[in-house]
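Those protein sequences? They're chains Y and H, same order as listed.
Under our numbering, read the first sequence as residues 1 to 193, first letter to last.
Under our numbering, read the second sequence as residues 1 to 193, first letter to last.
2 protein chains.
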Amino acid sequence: MNKKQLIIEAAIKVFARDGLEKGKIADIAKEAGIGKGTVYEYFRSKNDIFKVIEESVFSDFSIVFEELNSSTLSPTKKLSNLLEQGIDMFMEMGDVLLIIMELWAQAGRGHVHGSDSSLFVEYYDNFRKGVESILSDGILSGEFRDMNKEGVATLLLAFMDGLGWQFVILKDSKKINKIKSEAIESFMRGISN
Amino acid sequence: MNKKQLIIEAAIKVFARDGLEKGKIADIAKEAGIGKGTVYEYFRSKNDIFKVIEESVFSDFSIVFEELNSSTLSPTKKLSNLLEQGIDMFMEMGDVLLIIMELWAQAGRGHVHGSDSSLFVEYYDNFRKGVESILSDGILSGEFRDMNKEGVATLLLAFMDGLGWQFVILKDSKKINKIKSEAIESFMRGISN
DNA sequence: ATAATATGACTGACCGGTCGGTCGGAATAT
DNA sequence: ATATTCCGACCGACCGGTCAGTCATATTAT
Numbered sequence: 001m002n003k004k005q006l007i008i009e010a011a012i013k014v015f016a017r018d019g020l021e022k023g024k025i026a027d028i029a030k031e032a033g034i035g036k037g038t039v040y041e042y043f044r045s046k047n048d049i050f051k052v053i054e055e056s057v058f059s060d061f062s063i064v065f066e067e068l069n070s071s072t073l074s075p076t077k078k079l080s081n082l083l084e085q086g087i088d089m090f091m092e093m094g095d096v097l098l099i100i101m102e103l104w105a106q107a108g109r110g111h112v113h114g115s116d117s118s119l120f121v122e123y124y125d126n127f128r129k130g131v132e133s134i135l136s137d138g139i140l141s142g143e144f145r146d147m148n149k150e151g152v153a154t155l156l157l158a159f160m161d162g163l164g165w166q167f168v169i170l171k172d173s174k175k176i177n178k179i180k181s182e183a184i185e186s187f188m189r190g191i192s193n
Numbered sequence: 001m002n003k004k005q006l007i008i009e010a011a012i013k014v015f016a017r018d019g020l021e022k023g024k025i026a027d028i029a030k031e032a033g034i035g036k037g038t039v040y041e042y043f044r045s046k047n048d049i050f051k052v053i054e055e056s057v058f059s060d061f062s063i064v065f066e067e068l069n070s071s072t073l074s075p076t077k078k079l080s081n082l083l084e085q086g087i088d089m090f091m092e093m094g095d096v097l098l099i100i101m102e103l104w105a106q107a108g109r110g111h112v113h114g115s116d117s118s119l120f121v122e123y124y125d126n127f128r129k130g131v132e133s134i135l136s137d138g139i140l141s142g143e144f145r146d147m148n149k150e151g152v153a154t155l156l157l158a159f160m161d162g163l164g165w166q167f168v169i170l171k172d173s174k175k176i177n178k179i180k181s182e183a184i185e186s187f188m189r190g191i192s193n
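Okay, structure coming up:
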């Protein structure tokens, strides 16, 4: 079995439970059933582990997004599916959201694991551009009203993130599912023609 | 001059810059121009400082919210003002958002500064209820479509938070202002009748 | 004079990262 | 076949730096 992956999974568990700073390498090792030194055979440092977790989360998102974006669905369908699947992904992530939240705060602080540019900024720009192009298509086809595309794209991202954060506190999946459908309904109404 | 307040302001500056864990008491003291020991004359512990910051943020929000909610404006006006003012507050908070984000993650983790119930849960429930009652009024008056009130109320909170988090990364107030008006427009359309 | 307040040197717990050493198994020699 | 050498994954004791919180002393206020 791939030990690097094993360590990452243990790390996610530990960081989600204890936080990025309080989560100890020793505990990650214990969780993975290996010695502490072994962790350092696979990762240079604690920050390195953060980075790998961050990348894996975003790559999951990107895959779903690219797949959807390159489909032949109508703009309306594309966007509502994006919301639906995005929210589902957040819900499935569970405690990983807590890690993302902390990483995000780090990104906002501008000194992310040593380097100064953040994956967050990069990926979000990318998502935003993708959403904007769907909006353009929808405006052309007459499905969507005319609008400030960048604003609405940001709004869509904000919606998804915000719901994710609400879930962090609510932790009630029945309630959340009702909220989800209402959210999608409201958003689509807000931009439809 | 109130030294407690002085310390809180210094603490906010330091925590926003360095994060809750990495932010040092010694730096807070230096920032406030006092000795480290003096901090402990006014606060029992680092966690105690967190708690006070959290309370002060929420109480600011509550004041704005209560004032607006008890006004005689129409439901439509109430909600759009709430969005407008809420977003403005987020923007003014600047780096304080980073602190809130970390506190939120702590809250989600469920062991917030020792105690197990979180101010976040409490306050959000409160806001949600307030928004739900505005929505009820608006549905009765025919301004809003019929809807799952709890869902839309959650959505509104998610929306505001989500925009706040986007700002954390965007940091471009001109762009943000355009986004803000488009966001409010879209949201209000989404629930209007 | 003495109470109240301020201070920063000090302490001890904590933890990320290191490094010398172990050990099972693979490769090679006999 | 089996003895010998080699390899590198694995380990955890240890080190060095850090920092929250304490406390004996100093300063200021009454």
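Ideal Cβ positions, reconstructed from N, Cα and C, are used throughout, including at glycine.
| Item | Value |
| --- | --- |
| Contacting residues, own chain, Cβ-Cβ under 7 Å from H/F15 (five flanking each side not counted) | G23 and I99 |
| Identified DSSP bridge partners for H/S118 | DSSP output for H/S118 lists no bridge partner at all. |
| The segment 70–80 of chain Y contacting the segment 170–183 of chain Y, beta-carbon criterion three pairs below 8 Å | no |
| Beta-bridge pairing of Y/G144 - partner residues as DSSP gives them | A quick correction: the sequence has Phe, not Gly, at residue 144 of chain Y. Y/F144 pairs with Y/S192. |
| Classification of Y/D161 by the beta-carbon crowding that lies within 10 angstroms, buried from 16 upward | buried |
| Boundaries (first-last residue) of the alpha helix (DSSP H) holding Y/F61 | K46 to N69 |
| Meets three-Cβ-pair contact criterion under 8 Å: the segment 143–155 of chain H and the segment 85–92 of chain H | no |
| Interface flag, Y/G108 vs chain H, CB-CB below 7 Å | yes |
| Chain Y contact for H/M91 (CB, 7 Å cutoff) | no |
| Reduced DSSP secondary structure (H/G/I, E/B, other) of Y/L73 | coil |
| Reduced DSSP secondary structure (H/G/I, E/B, other) of Y/D137 | helix |
| Backbone CA spacing between H/H113 and H/V121 [nearest angstrom] | For H/H113, the predicted structure reports a pLDDT of 47, less than 50, and the residue's modelled location is therefore unreliable. The matter cannot be settled from this model. |
| Proximity of H/N69 and H/G130 at Cβ, strictly below 7 Å | yes |
| Chain-ordered chain H contacts of Y/S186 [CB-CB under 7 Å] | V152, L155, G190 and I191 |
| Own chain partners of Y/Y42 with C-beta closer than 7 Å, once the 5 adjacent residues on each side are dropped | K3, K4 and I7 |
| Min CB distance H/I179 to chain Y below 7 Å | yes |
| For Y/K178 and H/R189, the rounded distance between their alpha carbons | 20 Å |
| Exposure of Y/R109, with buried meaning 16 or more beta-carbon neighbours within 10 Å | buried |
| Between the CA atoms of H/S186 and Y/R128 - distance to the nearest angstrom | 17 Å |
| Beta-carbon separation (whole angstroms), H/M101 vs Y/M147, contact threshold 8 Å | Incorrect: roughly 29 Å between the Cβ atoms, too far for contact. |
| Pair within 7 Å by beta-carbon distance, Y/L135 and Y/K149 | yes |
| H/F159 beta carbon less than 7 Å from that of Y/F159 | yes |
| Y/F43 (DSSP reduced to helix, strand or coil) | coil |
| Residues near Y/E55 by beta carbon distance below 7 Å, same chain, minus five either side | L119 |
| Inter-residue spacing [alpha-carbon to alpha-carbon] between H/A183 and Y/Y123 | 21 Å |
| Where H/D161 meets chain Y, residues with beta-carbon distance less than 7 Å | G162 and W165 |
| Test: Y/F61 CB closer than 7 Å to a CB of chain H | no |
| Under 7 Å by beta carbon: chain Y residues contacting H/L98 | A105, G108 and R109 |
| Rounded distance between the beta-carbons of Y/A11 and H/G19, thought under 8 Å | Contact flag wrong, Cβ pair sits at about 19 Å. |
| Cutoff 7 Å: Y/E31 Cβ touching any chain H Cβ | no |
| Under 7 Å between C-beta atoms of Y/G164 and Y/L97 | yes |
| Exposed unless 16 or more other CB atoms sit within 10 angstroms - verdict on H/I191 | buried |
| Check whether H/E132 and Y/E21 have beta carbons under 7 Å apart | no |
| Chain Y contact for H/V221 (CB, 7 Å cutoff) | Only positions 1 to 193 of chain H appear in the structure, and residue 221 of chain H is not among them; the question remains open. |
| Within-7 Å CB hit, H/A158 to chain Y | yes |
| H/G138, buried or exposed, once every other Cβ within 10 Å from all chains shown has been counted against 16 | buried |
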